[in-house]
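Quick note, the sequences are listed as chains A and B, same order. FYI, numbering that gives the first Met the number 0 numbers position 46 of the first sequence as 45, with every residue one higher than the one before it. FYI, numbering that gives the first Met the number 0 numbers position 6 of the second sequence as 5, with every residue one higher than the one before it.
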Amino acid sequence: MAKAKADKPVNNGVNVEALFGAQEALKNAPEAAKFKWRATVKWIKGTHSRTSIQSFYGLGAEQKHKAKYDFDADHPEVFAAEDNAATPVEIVLAGLASCLTAGVAAVAQARKVQLRSVSATLEAGMDVRGILGMDEDIRNGFDGIKVTYKIDADASPEDIKAIVAQSQKRSAVYDIITNPTNVTVEVS
Amino acid sequence: MRTTAVIIGAGQAGLAMSWWLAARSIDHVVLERGEVANTWRTERWPSLTLLTPNWQSRLPGFGYEGDDPDSFRTLPETIAFLERYARLVSPPLKTHCRVTSVRRTGDGYEVATAQGTWQCKAVVLATGGFNIAQPPKLSEAVPSGIAQLTPVQYRNPESLQRGGVLVVGAAATGAQLADEIQRSGRPVTLAVGEHVRATRTYRGKDMQWWMDATGLNDERYDEVENLTRARSLPSFQLAGYPDRRNIDLNALTSLGVKLVGRLAGIRDGKAQLSGSLRNVCELADLKLNRLLNRIDEWAAENGVRGDPPHRPEPTRVEASPPLGLDFDRAGIRTIVWATGFRPDYSWLDVPVLDRKGNIRHDGGVVTEAPGLYLLGLTFLRRRKSTLIDGVGDDARDLSAHLAAQLGARSVDAAAAN
Numbered sequence: 000m001a002k003a004k005a006d007k008p009v010n011n012g013v014n015v016e017a018l019f020g021a022q023e024a025l026k027n028a029p030e031a032a033k034f035k036w037r038a039t040v041k042w043i044k045g046t047h048s049r050t051s052i053q054s055f056y057g058l059g060a061e062q063k064h065k066a067k068y069d070f071d072a073d074h075p076e077v078f079a080a081e082d083n084a085a086t087p088v089e090i091v092l093a094g095l096a097s098c099l100t101a102g103v104a105a106v107a108q109a110r111k112v113q114l115r116s117v118s119a120t121l122e123a124g125m126d127v128r129g130i131l132g133m134d135e136d137i138r139n140g141f142d143g144i145k146v147t148y149k150i151d152a153d154a155s156p157e158d159i160k161a162i163v164a165q166s167q168k169r170s171a172v173y174d175i176i177t178n179p180t181n182v183t184v185e186v187s
Numbered sequence: 000m001r002t003t004a005v006i007i008g009a010g011q012a013g014l015a016m017s018w019w020l021a022a023r024s025i026d027h028v029v030l031e032r033g034e035v036a037n038t039w040r041t042e043r044w045p046s047l048t049l050l051t052p053n054w055q056s057r058l059p060g061f062g063y064e065g066d067d068p069d070s071f072r073t074l075p076e077t078i079a080f081l082e083r084y085a086r087l088v089s090p091p092l093k094t095h096c097r098v099t100s101v102r103r104t105g106d107g108y109e110v111a112t113a114q115g116t117w118q119c120k121a122v123v124l125a126t127g128g129f130n131i132a133q134p135p136k137l138s139e140a141v142p143s144g145i146a147q148l149t150p151v152q153y154r155n156p157e158s159l160q161r162g163g164v165l166v167v168g169a170a171a172t173g174a175q176l177a178d179e180i181q182r183s184g185r186p187v188t189l190a191v192g193e194h195v196r197a198t199r200t201y202r203g204k205d206m207q208w209w210m211d212a213t214g215l216n217d218e219r220y221d222e223v224e225n226l227t228r229a230r231s232l233p234s235f236q237l238a239g240y241p242d243r244r245n246i247d248l249n250a251l252t253s254l255g256v257k258l259v260g261r262l263a264g265i266r267d268g269k270a271q272l273s274g275s276l277r278n279v280c281e282l283a284d285l286k287l288n289r290l291l292n293r294i295d296e297w298a299a300e301n302g303v304r305g306d307p308p309h310r311p312e313p314t315r316v317e318a319s320p321p322l323g324l325d326f327d328r329a330g331i332r333t334i335v336w337a338t339g340f341r342p343d344y345s346w347l348d349v350p351v352l353d354r355k356g357n358i359r360h361d362g363g364v365v366t367e368a369p370g371l372y373l374l375g376l377t378f379l380r381r382r383k384s385t386l387i388d389g390v391g392d393d394a395r396d397l398s399a400h401l402a403a404q405l406g407a408r409s410v411d412a413a414a415a416n
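Set out below in structure tokens:
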């Protein structure tokens with residue numbers, strides 16, 4: 000376990016006390032822990048679409064982000080598209096990258112480890128014969144994801160590894176990607 | 000019938016509590032649904048061995064006197080050991096006396112059994128935390144042709160059908176069963192979630208020797224960093240076999256056991272497996288190394304000489320573990336659910352259960368129901384609470400609390416007169 004340096008307060012910009020406070024509060028109010036995350040999407044043209052995110056539900060009430068956030072997605076030119084934006088699968092990688100990195104900051108803060116820099120590269124393999132319907136044995140999605148972190152922090156290499164491992168354990172997007180989820184798609 | 004305290008259960012916990020209540024001259028009775036050591040007798044598989052060496056089953060008034068302190072008791076030896084302890088304690092024992100209800104009365108409790116009803120001031124639940132082995136809900140989706148059993152129903156590999164076996168869960172039970180089933184020639188696939196890796200010996204001494212000597216086993220429930228987590232942690236991947244072999248994932252892989260990710264779902268007759276295998280193995284390796292670091296630091300500080308530190312190699316995980324398992328194609332004929340146990344409080348008519356069916360308590364003292372006590376649960380008061388070796392200290396503490404409470408009440412009663 001990393002030891003705190005008494006002379007230097009650790010600050011990774013994560014309010015861990017608030018998170019621990021939330022844990023305590025939700026122990027007695029499990030209903031407030033139930034969140035709903037939402038997105039709306041509009042087709043623009045071809046493979047180009049725009050997803051907007053603003054409202055969500057949680058702590059027993061409707062909530063709102065400070066602003067509406069838009070995420071364009073498209074396909075690259077090698078797929079005979081206009082490449083107006085990143086592909087949806089790349090946005091999935093962005094979700095995983097952000098989730099794990101937020102987790103690294105939070106776990107490091109909880110363990111009193113000062114981070115100086117954190118970066119990661121992600122690479123996911125895919126055989127596109129799956130999405131082209133050419134071979135039923137090939138899945139549509141990734142055949143694997145490789146994440147490589149580079150972290151500079153006041154901690155031993157082993158403690159840094161433990162922070163990254165714990166971040167995966169507590170990550171929502173890691174769970175969404177590694178475990179099955181029921182998906183219901185309807186047309187109204 | 001009237002008595003001061005009723006102890007429910009005559010396993011190691013109930014017997015240790017009876018010893019302490021007798022030492023404190025507190026009138027009591029021990030009610031047992033079957034015989035002494037009933038769970039050991041009737042609800043565990045025959046090849047089970049204790050995970051702790053012989054020297055480490057110290058009970059109140061009862062230490063190890065044999066000439067083989069470092070071996071591990073077999074199941075029949077464990078039952079005989081508890082029978083010997085019962086003869087020493089010679090508790091006021093009613094066997095074949097199943098409790099059907101416990102409810103509060105004016106100033107105490109009423110304990111109903113088929114052999115009559117007791118009125119008492121205090122009740123000690125020494126019925127254990129490992130009563131019901133419950134498969135997860137997703138087991139309902141298992142195709143009908145596949146046999147399913149829990150560790151309570153399991154006897155030995157030979158009683159399983161020929162063919163592949165999926166063992167779900169890699170704590171002590173799952174790892175032990177994977178080891179013996181694979182050795183019987185039935186190919187085992189082991190579904191691995193979060194687990195706690197251990198090594199039987201380290202630096203020439205038994206892991207439990209280190210846990211005892213370093214004081215880790217004595218770590219208290221009100222000192223540990225995250226008690227909820229400490230209480231829900233899976234057990235060490237350990238077995239107590241004469242050859243002291245490890246049953247960690249590398250040992251199982253070497254036998255030919257196939258490791259797969261946590262069982263995440265069953266759809267269309269196929270298992271869906273989590274892609275988290277690499278991370279749960281990394282977490283377990285890191286955790287084991289932190290434990291071994293603590294042991295090395297303690298050994299250095301205390302001048303304890305052992306063999307040079309030799310760290311176990313990292314858990315071997317194949318490059319792309321499978322994410323699905325087609326039971327038919329993989330030849331799986333049996334699933335063993337080693338997914339943990341939970342206590343049975345179906346007979347307890349006192350409203351002290353939390354949402355998960357566990358009793359709310361403070362180190363075994365059920366504060367919402369004065370006079371009600373718990374004993375023999377994981378990390379009840381100490382890390383060793385779950386061991387035979389740990390139940391004595393807990394019984395001493397709780398019997399002192401019980402005695403103080405009775406004393407306080409009689410003082411109140413005297414003042415009222």
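Beta carbons are placed, not taken as given, at the ideal position from N, Cα and C, and that holds for glycine.
### Task
Less than 8 angstroms between the CB atoms is what I'm expecting for A/K67 and A/S48, so what's the real figure, rounded?
The pair is not a contact, with the Cβ atoms about 16 angstroms apart (cut-off 8 angstroms).
### Proximity test, Cβ basis, 8 angstroms: A/A171 and chain B
Closer than 8 angstroms: no.
### Message
In chain order, what are the residue ranges of uninterrupted alpha helix (DSSP H) at least 4 long that sit wholly in the segment 3–39 of chain A?
### Response
With a minimum length of 4 residues, the continuous alpha helix (DSSP H) runs that stay inside the segment 3–39 of chain A are 15–27.
#### Entry: 8 angstroms contact criterion, which B/P156 and B/A132 should meet: CB distance rounded
With a Cβ gap of about 18 angstroms, B/P156 and B/A132 do not count as contacting.
### Message
Please list the terminal residues of the continuous alpha helix (DSSP H) segment that includes B/L176.
### Response
Under the DSSP assignment, B/L176 falls in the alpha helix (DSSP H) whose first and last residues are A171 to R182.
### Message
What would DSSP say about B/L282, mapped onto helix, strand or coil?
### Response
In this structure, B/L282 counts as helix in the three-state DSSP scheme.
### Query
Under 8 angstroms between C-beta atoms, does B/Q55 make it to chain A?
Taking 8 angstroms as the threshold, the shortest C-beta distance from B/Q55 to chain A does not fall below it.
### Message
Which residue marks the beginning of the alpha helix (DSSP H) containing B/A21, and which one marks its end?
### Response
Note, B/A21: alpha helix (DSSP H), Q11 to A22.
### Message
Please identify the residue among B/A212, B/V166 and B/T172 whose C-alpha is closest to the C-alpha of B/W297.
### Response
Each of B/A212, B/V166 and B/T172 was checked against the Cα of B/W297, and the nearest Cα belongs to B/A212.
#### Entry: Candidates B/F61, B/V35, B/S56 and B/P52: closest to B/W19 by CA position
The alpha carbon of B/W19 has as its nearest neighbour, out of B/F61, B/V35, B/S56 and B/P52, the alpha carbon of B/F61.
### Secondary structure, beta strand (DSSP E): runs of 3+ residues fully inside the segment 108–163 of chain A
Counting only runs that start and end inside the segment 108–163 of chain A, the beta strand (DSSP E) elements of at least 3 residues fall at 114–124 and 143–152.
### Query
Do the CB positions of B/V98 and B/G370 come within less than 8 angstroms of each other?
Between B/V98 and B/G370, the CB-CB gap reaches or exceeds 8 angstroms.
### Query
What is the rounded straight-line gap between the Cα of B/H194 and the Cα of B/C280?
If you take the alpha carbons of B/H194 and B/C280, they lie about 8 angstroms apart.
### Message
Using only CA atoms, which one of B/T385, B/A177 and B/L254 lies nearest to B/A125?
### Response
In terms of CA proximity to B/A125, B/T385 leads the group B/T385, B/A177 and B/L254.
### C-beta neighbour in chain B for A/I137, strict 8 angstroms
No, A/I137 lies away from the interface with chain B (no Cβ there is under 8 angstroms from its Cβ).
### Message
Residues of the segment 244–267 of chain B in Cβ contact with chain C at a cutoff of 9 angstroms, in chain order, please.
### Response
Here the protein chains are A and B, and chain C is not one of them.
### Query
Can you name the residues of chain A whose CB is closer than 9 angstroms to the CB of B/S275?
Going along chain A in sequence order, the residues near B/S275 (Cβ under 9 angstroms) are Q167, K168, Y173, D174, T177 and N178.
### Query
Residues in the segment 296–326 of chain B with C-beta within 8 angstroms of chain A's C-beta atoms, listed in sequence order?
For the segment 296–326 of chain B, the beta-carbon criterion of a distance under 8 angstroms to any beta-carbon of chain A is satisfied by S319.
### Query
What is the DSSP secondary structure of B/D325, reduced to helix, strand or coil?
If DSSP states are grouped into helix, strand and coil, B/D325 belongs with the strands.
### Query
If B/R202 sits next to B/P308, beta carbons under 8 angstroms apart, how far is it from one beta carbon to the other, in whole angstroms?
Rounded, the Cβ-Cβ distance is 6 angstroms, consistent with contact.
### Message
Which same chain residues end up closer than 8 angstroms to B/L81 when comparing Cβ atoms and leaving out the 5 residues on each side of it in sequence?
### Response
Excluding sequence neighbours, B/L81 sits near G10, Q11, L14, V35, A36 and W39.
### Task
Give the interface partners of B/N288 over in chain A, defined as CB-CB distance under 8 angstroms, in chain order.
E157, listed in chain order.
### Message
Here's the rule: buried if 16 or more other CB atoms are within 10 angstroms of the residue's CB, otherwise exposed. What is A/E16?
### Response
Exposed, by the Cβ-count rule.
### Query
By the 10 Å Cβ neighbour count, where 16 or more other Cβ atoms means buried, how is B/L254 classified, buried or exposed?
B/L254 should be labelled exposed.
#### Entry: Euclidean distance between Cα positions of B/G239 and A/R138
Rounded to the nearest whole angstrom, the CA to CA distance from B/G239 to A/R138 is 44 angstroms.
### Message
Beta-carbon within less than 8 angstroms of B/R1's beta-carbon, same chain only, minus the 5 sequence neighbours each way: which residues are those?
### Response
Only residues of its own chain outside the window of five on either side were considered, and among them W117, Q118 and C119 have a CB closer than 8 angstroms to the CB of B/R1, listed in chain order.
### Task
Could you say if the segment 270–280 of chain B and the segment 165–182 of chain A meet the contact criterion of at least three C-beta pairs nearer than 8 angstroms?
Yes: at least three Cβ pairs fall under 8 angstroms.
### Query
Contact between the segment 172–183 of chain B and the segment 241–248 of chain B: three or more CB pairs below 8 angstroms?
Contact between the segment 172–183 of chain B and the segment 241–248 of chain B is present: three or more C-beta pairs spanning the two stretches fall below 8 angstroms.
#### Entry: Nonlocal neighbours in the same chain, by C-beta distance under 8 angstroms from A/A5, ignoring five residues either side
Bear in mind that the predicted position of A/A5 carries a pLDDT of just 49, short of 50, making it unreliable; the figure below should be weighed with that in mind. There are no such residues.
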